[in-house]
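Just so we're aligned, residue 1 is where the sequence shown starts under UniProt numbering, counting upward by one.
Glycine residues also receive a C-beta, built at the ideal position from the N, C-alpha and C atoms.
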Amino acid sequence: MANYLIGCDIGTSGAKAIVIDDQGTLLGSGYIEYPLLASQPGWSEHDPQDYWRVFKHVVRGALQNSGVDNREVRGISVSSCSPCSVFVDRQGNALDRSQTWQDRRAVDECRYVQQFYSADEIFELTANTLDPHIGALKLLWEKNNRPEIYQKTFKMLNPANYITMLLTGEFVTDYSNASLTGLVFDIRNRKWRMDIAEKVGLDPDKFTRLAPCDEVVGEVTQKAAQECGLAAGTPVVAGTMDCNAGWLGNGATMPGDASFVMGTAGALGVVHQNQVFTKTMTNVVHTAYSGQNYTTLAGTACCGGLMRYFRDALVETDARIAKENGEDIYDILTAEAQKIQPGANGLLILPYLSGERTPLWNPLARGVVFGLSLSHTRGHWVRSMMESAIYAVYHCVKIMKENGLEMKLPIVVSEGGSKSPLWRQIAADVMGIEFSYTPNAKGAPMGDAINAGVGVGIFRDYEVAKDFIEVSEFNKPDGQNHALYQKYFEQYLKLYEDVKPDFESLAQLLKAE
């Protein structure tokens, strides 16, 4: 009997699904982009209807491309960007737009919670910084600003668990995504703290049942099967957050394993079992062995998203022309950046277009261009964006190392920006770390498929992930470039501290308009 598995990731800007066999062979895939909505400064939203629409599209596409009979699919697991909120009624209907992980509107709610609990108390419980982007504060914002939506809300889900609910009818949240609900999630004991929810004014019943990432939580219903192309009765595994899925797909399963996913955000994660968590970092339950493993991650707000913004806002016409000519605008931009020397001739960017998460936790931070002169070309801009995105991750890596987190080298890098040899080399040079690259990496959907395989018993354990990796390229740091980048990195840190007070005053100015 053939054994096939499906993994699907609902990302920040697009969705992808793959079909693999029990040897990890990619048989088919589907991908589609969908819009990110930003109607106000500090807001970032999705239309939840898009989650189901793109899921159906990519799953049908992957199945069609693979030629696999849907009745031979043994299981499916879904991951998504996190924390994102989907507020649903008792019938599972989405009530409002989803606040994405980039959304930082809940600033007042963050301050309100600190009337009851200190930041240190919240970190001790959740291992995460109390910040406007966490899931529980999104729910509190709805209560304060859209009470009619809050009252109708039966459960708050994230996109992955929303898809799982539409597939199975079951309302459940996996440990991984629950980690970034924050505030009310006890990360050590993997349970909700309903007393805290009540204390801050949240209805505990709006939080779902919790489940290990590899638990089979239900089966595809007849109705869902007709819509998405899966066979009714297909087992559905609880799922995970997208970063964890990407790291798992890169073979990060055991303590010391590290992986860098260069997606919309920069996400470099280190697996461990240490319950003394690193402050200023994001800490989550890891997908692999979710009963005991954790991941500490450098989770910056902008990495590949910086380049996408540049593409859509500043070179939209060039991107359209390139597409018409069968070219990729990213290849064109990278070629221009390749001609520029390290340091971009003094052009320095703070990449905080959506505020910043680790390690600054400043929702008011914004993008800054510093040192711009008439001599700078588009290539300088692109190179500076690449460098600044890596400075942000490097800032986190230094803190992780100072706190004793061990990282096995080389670190596997994948997805998005990692397709650029230049960007990978910049990462190696800035951080002084060797990276390995898998050109044929399947990303988060591979991690999802592996999670499904473990959940339904096709795979004995998560270690198969290491067998499926095909590393063929390495980026070793250039000592001379690394030394130069240390100087620019120090200037990068100083620039942030210098303009930090201005972010607050700018926010007040915008609020007064």
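*Segment contact flag, the stretch 494-512 with the stretch 355-370, C-beta cutoff 8 Å, min 3 pairs*: Judged by Cβ distances under 8 Å, the stretch 494-512 makes contact with the stretch 355-370, as three or more pairs qualify.
_Using 8 Å for Cβ pairs, my map puts Ser29 next to Ala444. What's the rounded Cβ distance?_
Their Cβ separation, rounded to whole angstroms, is 12 Å, which puts Ser29 and Ala444 out of contact at 8 Å.
*Coil, strand or helix - Met262 by DSSP*: Correct three-state label for Met262: strand.
*Beta-carbon proximity check, Asp448 vs Ser77, cutoff 7 Å*: In this structure, Asp448 sits near Ser77, with a CB-CB distance shorter than 7 Å.
_Please give me, in chain order, every unbroken run of the alpha helix (DSSP H) with length at least 4 that falls completely inside the stretch 170-198._
Within the stretch 170-198, the runs of alpha helix (DSSP H) that reach at least 4 residues and sit entirely inside it are, in chain order, 175-179.
*Taking one C-beta from the stretch 370-382 and one from the stretch 318-336 each time, how about it: are there three or more such pairs within less than 8 Å?*
Three or more Cβ pairs closer than 8 Å define a contact, and the stretch 370-382 meets that threshold against the stretch 318-336.
*Could you tell me the distance, in whole angstroms, from the CA atom of Gln102 to the CA atom of Pro477?*
Rounded to the nearest angstrom, the two C-alpha atoms are 31 Å apart.
*Endpoints, alpha helix (DSSP H) assigned at Met307*: Residues 304-314.
*Take Lys408 as the anchor and find which of Lys155, Asp257, Val200 has the nearest alpha-carbon.*
Of Lys155, Asp257, Val200, the smallest CA-CA separation from Lys408 is found for Asp257.
*Alpha carbon to alpha carbon, what distance is there between Tyr309 and Thr168?*
Approximately 36 Å, taken between the alpha carbons.
*Just mark Ser354 as buried or exposed, buried being the case when its beta carbon has 16 or more other beta carbons within 10 Å.*
Ser354 comes out buried.
*DSSP-derived helix/strand/coil call for Met407*: DSSP, reduced to helix, strand and coil, places Met407 outside both helices and strands of the structure shown, so it counts as coil.
*asked:* Taking 8 Å as the limit between beta carbons, can you name the residues of its chain near Ala94, skipping five residues before and five after?
replied: Excluding positions up to five away in sequence, the list reads Pro48, Gln49, Val86, Phe87, Val88, Tyr162.
_I need the DSSP call for Ile32, collapsed to helix, strand or coil._
The answer is strand: DSSP assigns Ile32 an E or B state.
*Where does Ala452 land, buried or exposed, given buried means 16+ other C-beta within 10 angstroms?*
Counting Cβ neighbours within 10 Å, Ala452 comes out buried, since at least 16 surround it.
*Going by alpha carbons, who is nearest to Thr181 out of Thr164, Thr25, Lys206, Ser375?*
Ranked by how close their Cα comes to the Cα of Thr181, the residues Thr164, Thr25, Lys206, Ser375 have Lys206 in first place.
*For Cys8, three-class secondary structure by DSSP*: The DSSP-derived three-state label of Cys8 is strand.
*asked:* I need the boundaries of the beta strand (DSSP E) containing Lys442, first residue and last residue.
replied: Premise fails: Lys442 is in no beta strand (DSSP E) and is neither H nor E.
_Measuring only the C-alpha atoms, how far is Trp423 from Cys84?_
About 28 Å.
*How far does the alpha helix (DSSP H) with Met431 in it reach, from first residue to last?*
Per DSSP, Met431 is one residue of the alpha helix (DSSP H) stretching across 421-431.
*asked:* I'd like to know whether the C-beta atoms of Tyr352 and Ala344 end up nearer to each other than 7 Å.
replied: No, Cβ-Cβ distance for Tyr352 and Ala344 is not below 7 Å.
*Take Gly42 and list the residues in its own chain whose beta-carbon comes closer than 6 Å to its own, dropping the five residues that flank it on each side.*
Result list for Gly42: Arg104, Arg105, in chain order.
*asked:* Threshold first: 3 residues or longer. Then list the beta strand (DSSP E) segments lying entirely within the stretch 328-379, N to C.
replied: Unbroken beta strand (DSSP E) runs of no fewer than 3 residues, entirely contained in the stretch 328-379, are found at 348-350, 368-370, following chain order.
*Thr280 and Leu297: beta carbons closer than 7 Å?*
Going by C-beta atoms, Thr280 is not nearer than 7 Å to Leu297.
*Where are the beta strand (DSSP E) runs, 3 residues long or more, that stay fully inside the stretch 91-173, in chain order?*
Runs of the beta strand (DSSP E) lying entirely within the stretch 91-173 and spanning at least 3 residues, in chain order: 155-157.
*From Trp141 to Ala38, what does the alpha carbon distance come to, in whole angstroms?*
Those two C-alpha atoms are separated by around 17 Å.
*Can you name, in chain order, every residue of its own chain whose Cβ lies under 6 Å from the Cβ of Glu215, other than the five neighbours on each side?*
Within the same chain, Glu215 has close Cβ partners Ala238.
*List the residues that DSSP assigns as beta-bridge partners of Ser416.*
What sits at residue 416 in the sequence shown is Gly, not Ser. Answer is none; Gly416 lacks a bridge partner.
*Which residue's Cα is closest to the Cα of Pro410: Phe123, Arg74, Ser259, Arg320?*
The residue from Phe123, Arg74, Ser259, Arg320 with its alpha-carbon nearest to that of Pro410 is Ser259.
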